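Before any comments, here is the structure.
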Amino acid sequence: MMDEIQRRLLMEVADLHTVPEGAYNIRANGAMAARNTTANIDITSKLDKSGIDIVIKPGTKNESVHIPVVLSESGLKETVYNDFYIGEDSDVVIVAGCGIDNCGTHDSQHDGVHRFFIGKNARIKYVEKHYGSGQGTGKRLLNPRTEVYMDENSYCEMEMVQIKGVDSTVRDTIAELKSGARMVVRERLMTHGDQDAVSNYKVYLNGADSGADVVSRSVAKDNSKQEFNSGIIGNAPCNGHTECDAIIMGNARVVAVPQLEANNIDAALIHEAAIGKIAGDQLIKLMTLGLTEEQAEEQIINGFLK
Amino acid sequence: MLKLENLSFAVDGDNGNREIIRNVNLSLQEGKFVAVTGPNGGGKSTLAKLIVGIEKPTGGRIFFNGEDITEKSITERANMGISFAFQQPVRFKGLDVFDLIRLASNKKISVSEACKYLSEVGLCARDYNNREVNSSLSGGELKRIEIATVLARGTKLSLFDEPEAGIDLWSFQNLIKVFENMQKKNLGGTIMVISHQERILNIADEIIVVANGQVKNHGKREDILPELLGTQMAVPACERGGVAE
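So the protein sequences, as listed, match chains L and F. Numbering-wise (this note's numbering), the first sequence opens with residue 25 and increments by one. Numbering-wise (this note's numbering), the second sequence opens with residue 123 and increments by one.
Following this line, the structure appears as structure tokens:
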């Protein structure tokens with residue numbers, strides 16, 4: 025059974041107040057806390073290592089899978105391997121996420137390795153939220169690795185959110201797309217205090233008419249550091265776009281390295297990157313509406329990360 | 123309700139101290155529609171920014187409803203009842219039109235209330251509420267949203283800095299109606315509009331002519347406007363072709 029802290033973490037990362045509808049697997053402090061499978065979605069534990077296989081039958085429509093992870097025990101370190109097999113012609117929403125509450129002095133760490141095998145014409149929306157809380161001196165560390173293998177004409181939308189409380193993150197995402205496949209990534213990140221976050225993308229557009237749109241919006245406050253390395257490799261006639269937009273505050277540091285590689289004459293690749301502080305005229309405009317400078321700043325950041 | 127006393131504003135330029143506003147004395151009455159006109163670079167926008175608090179005067183005092191607001195911040199003045207529509211509206215990534223109208227009205231408003239303000243400025247609210255206030259909106263659209271934020275505030279004093287700038291001919295007709303409406307219903311309390319447009323000067327109660335950092339003339343429209351049209355300070359096309367209508 026889950027305690028209050030775990031329930032709160034669950035709400036932050038998966039918007040869950042109670043057990044979700046449909047298929048789910050809730051992992052708490054390194055062990056399975058609850059699981060449900062449906063006629064179309066099967067979840068089984070891996071036998072050789074820690075983690076689960078999620079198998080979605082071909083043609084499954086409008087179903088969802090929740091696989092949140094919560095850690096509330098200080099000093100717990102784990103690496104979990106989750107594999108998603110998404111059948112042809114299916115259309116599903118997958119909600120992952122990890123919440124760590126560390127009140128102790130030892131570092132707590134969750135490294136999740138997620139692999140997606142997306143069948144022909146299948147569509148998935150994947151939402152991953154990270155959240156950290158707790159007053160302890162032990163750090164909250166999250167290092168997700170995501171691999172996405174997309175078959176012909178499949179579609180994958182990924183929403184990655186890390187707004188609060190995670191001390192250190194290195195996120196690696198790689199994707200390989202066959203012809204007609206399309207990937208859309210929306211990453212939102214806020215770091216504060218002494219946190220640091222690194223996000224690396226490598227998207228291989230291998231098939232004709234494949235496409236990727238990788239966009240990151242981030243806010244770096246206080247002494248935090250962020251690094252965004254976004255690479256798109258066009259090996260076929262394809263379209264790729266990557267964008268990094270960052271607001272920098274205090275003594276923060278932001279590095280944005282968009283990287284494009286075209287190995288085909290019909291590969292059309294674009295990158296954009298912008299880093300800057302909050303524009304003075306934005307603050308002034310909101311102050312003329314009666315907001316204080318602090319309130320104006322908050323509204324601008326909230327809107328930016330919405 | 124607004125009184126400027128010996129107001130001055132100078133900046134340090136390449137050639138030493140440059141006075142942009144020079145010893146301006148001005149008094150606005152409650153509920154009046156006042157148009158401020160004059161040549162470009164004459165100090166009109168700076169005057170408005172001094173009243174709103176975006177710039178701090180280097181000399182003189184500003185009184186609002188009898189209270190000295192010279193040292194008050196932008197936020198304090200806004201909360202006392204002064205609103206300002208920027209000549210070049212600010213763009214926001216992420217904030218949508220509804221957010222901005224809601225912040226302006228300073229209360230939890232419903233979508234239909236926000237629609238009311240957008241309709242006032244000739245925008246179909248259904249199409250705009252969820253649009254981001256960013257570069258996907260045209261200059262004219264941003265301009266009308268800017269005016270809607272001032273309407274949503276409904277304060278005692280509303281300043282508009284060249285509301286017609288960047289607005290196309292079709293929208294301009296609507297814009298005039300917005301100001302006519304404001305005046306008829308007295309929606310905006312005291313209204314001060316910086317403008318070069320004869321159509322706007324035409325609906326004003328009073329006209330102030332600002333040039334070279336000073337108030338050159340201030341009086342009733344019927345006294346000032348004929349003079350202006352003779353000096354080419356207003357829209358020259360009206361005089362030359364006589365077909366502006």
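We treat Cβ as the ideally placed atom computed from N, Cα and C, and that holds for glycine. Bear in mind that the values here come from a model prediction, so they are computed numbers and not experimental data.
State buried or exposed for residue i, treating a residue as buried only when at least 16 other CB atoms are found within 10 Å of its CB.
| i | result |
| --- | --- |
| residue 160 (chain F) | buried |
| residue 246 (chain F) | exposed |
| residue 348 (chain F) | exposed |
| residue 274 (chain F) | buried |
| residue 56 (chain L) | exposed |
| residue 292 (chain L) | exposed |
| residue 186 (chain L) | buried |
| residue 114 (chain L) | buried |
| residue 142 (chain F) | buried |
| residue 249 (chain F) | exposed |
| residue 362 (chain F) | In this prediction, residue 362 (chain F) scores a pLDDT of 42, lower than 50, which makes its location untrustworthy; the coordinate-derived value is nonetheless stated afterwards. Label assigned to residue 362 (chain F): exposed. |
| residue 298 (chain L) | exposed |
| residue 358 (chain F) | Only weak support is given to the placement of residue 358 (chain F): the predicted model assigns it a pLDDT of 47, under 50, and the question is left unresolved by the model. |
| residue 365 (chain F) | Confidence at residue 365 (chain F) is low in this model, with a pLDDT of 42, below 50, so its placement is unreliable and no value can be given for it. |
| residue 135 (chain F) | exposed |
| residue 287 (chain L) | exposed |
| residue 163 (chain F) | exposed |
| residue 307 (chain F) | exposed |
| residue 291 (chain F) | exposed |
May I ask which residues mark the beginning and end of the alpha helix (DSSP H) holding residue i?
| i | result |
| --- | --- |
| residue 153 (chain L) | That residue, residue 153 (chain L), is in no alpha helix (DSSP H); its beta strand (DSSP E) goes 147-157. |
| residue 213 (chain L) | Premise fails: residue 213 (chain L) lies in the beta strand (DSSP E), 206-215, not in any alpha helix (DSSP H). |
| residue 220 (chain F) | 219-227 |
| residue 166 (chain F) | 166-174 |
| residue 321 (chain F) | 320-324 |
| residue 273 (chain F) | 261-275 |
| residue 197 (chain F) | 196-202 |
By DSSP's criteria, residue i is part of a beta bridge. Which residues make up the other side?
| i | result |
| --- | --- |
| residue 133 (chain L) | L:101 and L:165 |
| residue 143 (chain F) | F:131 |
| residue 282 (chain L) | L:254 |
| residue 246 (chain F) | Paired residue(s): none; residue 246 (chain F) is not in a bridge. |
| residue 249 (chain L) | L:220 and L:277 |
| residue 329 (chain L) | Per DSSP, none; premise fails for residue 329 (chain L). |
| residue 268 (chain L) | L:240 and L:297 |
| residue 184 (chain F) | F:126 |
| residue 263 (chain L) | L:235 and L:292 |
Under DSSP, the beta strand (DSSP E) around residue i begins and ends at which residues?
| i | result |
| --- | --- |
| residue 69 (chain L) | 65-69 |
| residue 224 (chain L) | 220-229 |
| residue 328 (chain F) | 328-333 |
| residue 33 (chain L) | Looking at the DSSP string, residue 33 (chain L) is not in any beta strand (DSSP E); the run it does join, the alpha helix (DSSP H), is 28-38. |
| residue 288 (chain L) | Neither: residue 288 (chain L) is in no beta strand (DSSP E) and is coded neither H nor E. |
| residue 118 (chain L) | 115-125 |
| residue 240 (chain L) | 234-244 |
| residue 85 (chain L) | 85-95 |
What is the C-beta distance between residue i and residue j, in whole angstroms, given that I count them as a contact (C-beta under 8 angstroms)?
| i | j | result |
| --- | --- | --- |
| residue 47 (chain L) | residue 60 (chain L) | 6 angstroms |
| residue 231 (chain L) | residue 176 (chain L) | 7 angstroms |
| residue 281 (chain F) | residue 184 (chain F) | Incorrect: roughly 13 angstroms between the Cβ atoms, too far for contact. |
| residue 144 (chain L) | residue 178 (chain L) | 6 angstroms |
| residue 221 (chain L) | residue 229 (chain L) | Residue 221 (chain L) to residue 229 (chain L), Cβ: 26 angstroms. No contact. |
| residue 225 (chain L) | residue 258 (chain L) | That belief does not hold up - the Cβ atoms of residue 225 (chain L) and residue 258 (chain L) are roughly 14 angstroms apart, past 8 angstroms. |
| residue 84 (chain L) | residue 77 (chain L) | Incorrect: roughly 15 angstroms between the Cβ atoms, too far for contact. |
Residues of the region 299-312 of chain L with Cβ closer than 8 angstroms to any Cβ of chain F, in chain order:
Those residues of the region 299-312 of chain L that come within reach of chain F (Cβ to Cβ, closer than 8 angstroms) are 303, 305, 306, 308, 309, 310, 311 and 312.
Residues of the region 203-217 of chain L with Cβ closer than 8 angstroms to any Cβ of chain F, in chain order:
Cβ contacts with chain F: none found.
Determine which residues of the region 207-235 of chain F have a Cβ less than 7 angstroms from any Cβ of chain L, and write them out in chain order.
Residues 208, 212, 214, 215, 216, 217, 221, 225, 226 and 228.
Name the residues in the region 314-328 of chain L whose C-beta lies less than 9 angstroms from a C-beta of chain F; which are they?
In summary, the residues of the region 314-328 of chain L whose CB is separated from some CB of chain F by less than 9 angstroms are 314, 315, 316, 317, 319, 320, 323, 324, 325, 326, 327 and 328, in the order they occur in the chain.
Under 9 angstroms, CB to CB, which of the residues in the region 220-252 of chain L have a partner in chain F?
Residues 241.
Name, going along the chain, the residues of the region 243-277 of chain F whose beta-carbon falls closer than 8 angstroms to a beta-carbon of chain L.
Cβ proximity to chain L below 8 angstroms picks out 271 and 275 from the region 243-277 of chain F.
Identify each residue in the region 171-185 of chain F for which the Cβ-Cβ distance to at least one residue of chain L is less than 7 angstroms, and report them in chain order.
Those would be 174 and 176, in chain order.
Closer than 7 angstroms between beta carbons: that is the criterion. Which residues of the region 81-92 of chain L meet it against chain F?
Within the region 81-92 of chain L, no residue has a Cβ that lies closer than 7 angstroms to any Cβ of chain F.
Residues of the region 184-199 of chain F whose Cβ lies closer than 7 angstroms to any Cβ of chain L, in chain order:
Within the region 184-199 of chain F, the residues whose Cβ lies closer than 7 angstroms to any Cβ of chain L are, in chain order, 196 and 197.
What are the residues in the region 187-198 of chain L lying within 8 angstroms of chain F by C-beta distance?
Within the region 187-198 of chain L, no residue has a Cβ that lies closer than 8 angstroms to any Cβ of chain F.
Against chain F, which members of the region 258-280 of chain L pass a CB distance test of less than 8 angstroms?
Going along the region 258-280 of chain L in chain order, one finds 269 with a Cβ nearer than 8 angstroms to chain F.
The region 96-110 of chain L: which residues have C-beta closer than 8 angstroms to a C-beta of chain F, in chain order?
Answer set for the region 96-110 of chain L: empty.
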